[in-house]
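Asks: In the working numbering, the protein residues as written are 115 to 394.
Just passing along the structure, written as structure tokens.
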């Protein structure tokens, strides 16, 4: 074997070379092609004699021929400095399976039909409206019903009038806590449940929060509509009523806003709060 040829194959990374099959539709190769083996010890004496017989080199199968052509092109491309491009082989198209329309129709007819049952619409009650101000002083929890449409809240005039009423009931007006104002509805969305029950829960949560500290004995409400939200009950003006659940008494009279507008309401408030006036 030629040493140069062996060195060339080693540089290409080819460990074995056995080109002993004749390509179809190709001219016959020289005899030395059929005798060339790398490494040379792979071909014994018997194989060497059979390699000289031209009839022993049958044409290769098409796929083997394609691989051999690819190997030759790869070798030539490496010598010329160009890369080899893998040839594309077209796969036979898969047979198209057409569905049986009659069988599909039968399955569709056999499937049970699901009837749509409309869900009943949940009616949302209209949201009530209120503006309530609360504050603590001594043994009193005072609650005032502010006008819903009024621009002003618990004004300085309201505070002065409330301070005078608190002093007449024997409490220190300087101990009044900072008033908090509750407004309902809280949101503008019509899809939210802001009905009477939610409004009641919101107001009573605030009342129970203010009653957590000990010392409050009476709830004084300025406004005929307040008992509905504050104690969840009805009340008559000027009547001191016990509330067992809250553990306090409650009394209702006119609003402070009414007393500021009409003097006669001040007289009415004074008459109503007599049950809370300390006895001499």
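Note that the Cβ used here is the ideal one computed from N, Cα and C, for glycine as well.
What residues in its chain sit with their C-beta under 6 Å from that of residue 262, if we drop five residues either side in the sequence?
Replies: Around residue 262: 243 and 245.
Asks: Measure the C-alpha to C-alpha separation of residue 253 and residue 298 and round it to an integer number of angstroms.
Replies: 27 Å
Asks: In the DSSP assignment, what are the bridge partners of residue 122?
Replies: Assignment of beta-bridge partners to residue 122 by DSSP yields no partner.
Asks: Tell me the DSSP secondary structure of residue 307 in three-state form.
Replies: coil
Asks: By how many angstroms is the C-alpha of residue 314 removed from the C-alpha of residue 302?
Replies: If you take the alpha carbons of residue 302 and residue 314, they lie about 18 Å apart.
Asks: Let me confirm a value: residue 369 is counted as buried when at least 16 other C-beta atoms fall within 10 Å, else exposed. Which label applies?
Replies: buried
Asks: Please state the DSSP three-state secondary structure of residue 259.
Replies: strand
Asks: Mapping DSSP to helix, strand and coil, what is residue 250?
Replies: strand
Asks: Using alpha carbons as the reference points, say which of 286, 289, 309 and 248 lies closest to residue 240.
Replies: Distances from the alpha-carbon of residue 240 to those of 286, 289, 309 and 248 put 309 closest.
Asks: Compare the C-alpha of residue 284 against each of 251, 361, 344 and 373 and name the closest.
Replies: 251
Asks: Quick one: what does DSSP say residue 334 is sitting in, helix, strand or coil?
Replies: In the three-state reduction of the DSSP assignment, residue 334 falls in the strand class, which pools E and B.
Asks: Just curious, the alpha helix (DSSP H) that residue 378 is in, first and last residue?
Replies: Residues 378 to 386.
Asks: Between residue 257 and residue 336, which are expected to be in contact by the criterion C-beta below 8 Å, what is the C-beta distance as a whole number of angstroms?
Replies: A Cβ-Cβ distance of about 7 Å is found for the pair residue 257 and residue 336, placing them in contact under the 8 Å criterion.
Asks: Please check the pair residue 386 and residue 351, which I expect to be a contact at CB under 8 Å, by giving their CB distance rounded to whole angstroms.
Replies: About 5 Å separates the Cβ atoms of residue 386 and residue 351, confirming a contact at the 8 Å cut-off.
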